[in-house]
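In my numbering, the protein residues as written are 540 to 865.
Just so you know, even glycine gets a beta-carbon here, dropped at the ideal spot from N, CA and C.
Below: one structure, written as structure tokens.
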Amino acid sequence: SFSYSMVAMMGLLLDLSLKRNKLFPTVLGLCIGLQVLTIVGVPIAVIVLRWRNSGKAEPTLSHNDLLSWLPGKGTILGYLALAIGVYAACSSLYELQLLQASAACEALSFCILAIHFIQAGNTTQLSHKKMLLDGLRLVSRLAASIWLENSLPRMASDDVVHGCYAFSIVAICVLLSGAALDMNKAQQHNFDTCPVKWFLVGASVVAVTLRIDMSGQVVPDSLWLWASCLDAVAAVPQLWLVAQCGGVVNKATSHHLALIVISRLLMLAFWLEIRTTWQQGKSPLGWSMLVIMFVPLVLLSHFMCYYFKNLWSHGMFSNVPVACVP
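Laid out in structure tokens, this is it:
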């Protein structure tokens, strides 16, 4: 499924690499390799499976066969629509607008969770530890961006971005307050067991040991890097909870995760866009930001397959939960 998502993103990467940013050839070669692997490898696998079932009236395929892992129409169309949407955004929005759109998508994702909590009166199937990580990283990101001001690339300390961060923080506070009053929190506590303390420790070690020089000030630079590291792993507690709950995700949480994916795609497009014009775009800091934005896309790629399948079968506004099972 991840290879198919790379095929869908191929047009965007080609445009950014050849026309705008002249990316390092290894990145383009990796994408072309994934495309070739998908286009050539999947048909060969299908032919082999059909050859194994030759002479039979109907091919008998079990869930263990490779064919059962091929994406359905909903998944392919979903990734294709996502790629087209991101490409259209990159073509029509300039650098700062991409960052604003990313922050707005993230704020909308938390707004959906807050509205669901107000309507349902509970935070079932929502990882409280994920909300804690999100709150910490957004508070740190907001404080660091205000502190750094003009030291951030391409006016990243924009008021619109700050407003979206603040709105997300308020929504997270509402959700955490509701979680504290939730009558079912004791039962969910048995499943929401992701060891996030190691994420905090790891991010702190990286922020302290890997010195980045954005403003020449140690505290805001380290705070920015610490929040960026939490960006990469913030979705893990929610995926952990989904796995503990049998792979079932309610629709509000599913929309939240999908919007986080869109937000990270736009953020990745922003860092790609400024890579050749920002002074540190080709430095280790510039590469690290690309990696940090890419990690949550990898973590959520499998979930997005089930999300697109659910949208294809039941529509966007149905209350049918997403079942993350084969």
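By the Cβ rule, the segment 707-722 does not count as touching the segment 789-806, because fewer than three pairs are nearer than 8 Å. By the Cβ rule, the segment 772-791 counts as touching the segment 730-737, because three or more pairs are nearer than 8 Å. Trp765 is a Cβ neighbour of Ser679, given a cutoff of 7 Å. Taking 7 Å as the cut-off, the beta carbon of Ala646 is found closer than this to the beta carbon of Ser707. The continuous alpha helix (DSSP H) containing Gln639 extends over residues 634-659. By the CB criterion at 7 Å, Ala791 and Leu652 fall inside the cutoff. Look at Val678 here: in three-state DSSP terms it is helix. As a beta-bridge residue in DSSP terms, Ala862 pairs with Val787. Distance from Leu838 to Leu804 at the Cβ level is roughly 13 Å; contact not present, criterion being Cβ atoms closer than 8 Å.
If you draw a straight line from the Cα of Gly741 to the Cα of Val834, it comes to about 15 Å. Taking 7 Å as the cut-off, the beta carbon of Phe809 is found closer than this to the beta carbon of Leu638. DSSP, reduced to helix, strand and coil, places Asn849 within a helical segment of the structure shown. Sixteen is the threshold: when 16 or more other Cβ atoms of the shown chains lie within 10 Å of the Cβ of Cys629, as they do, the residue is buried. Here Trp737 is exposed, its C-beta having fewer than 16 other C-beta atoms within 10 Å.
Just so you know, the alpha carbons of Ala771 and Ser648 end up roughly 17 Å apart.
Taking the CA atoms as reference points, Gly674 sits about 6 Å from Ile711. Taking the C-beta atoms as reference points, Val788 is found no nearer than 7 Å to Val859. For Cys768, the enclosing alpha helix (DSSP H) begins and ends at 757-772. Between the C-alpha atoms of Tyr704 and Ile583 there is a straight-line separation of about 47 Å.
Looking at the backbone, the Cα of Ala640 and that of Asn729 are separated by about 36 Å. In summary, Ser631 is exposed, with fewer than 16 beta-carbon neighbours lying within 10 Å of its beta-carbon over all protein chains present. Distances from the alpha-carbon of Met855 to those of Gly786, His794, Ser802 put His794 closest.
Contact check for Val700 and Ala642: beta-carbon distance about 5 Å, within the 8 Å limit, so the pair qualifies. In this model, Cys863 and Tyr618 are separated by some 17 Å (Cα to Cα). DSSP places Gln777 within a helical segment (H, G or I) once states are collapsed to three. Ile751 is the residue among Ile751, Ile615, Ser666 whose C-alpha sits nearest the C-alpha of Met828.
With respect to Ala773, Ser761 sits apart: the two C-beta atoms are not nearer than 7 Å. If you look at Asp698, you'll find it in the alpha helix (DSSP H) that goes 698-720.
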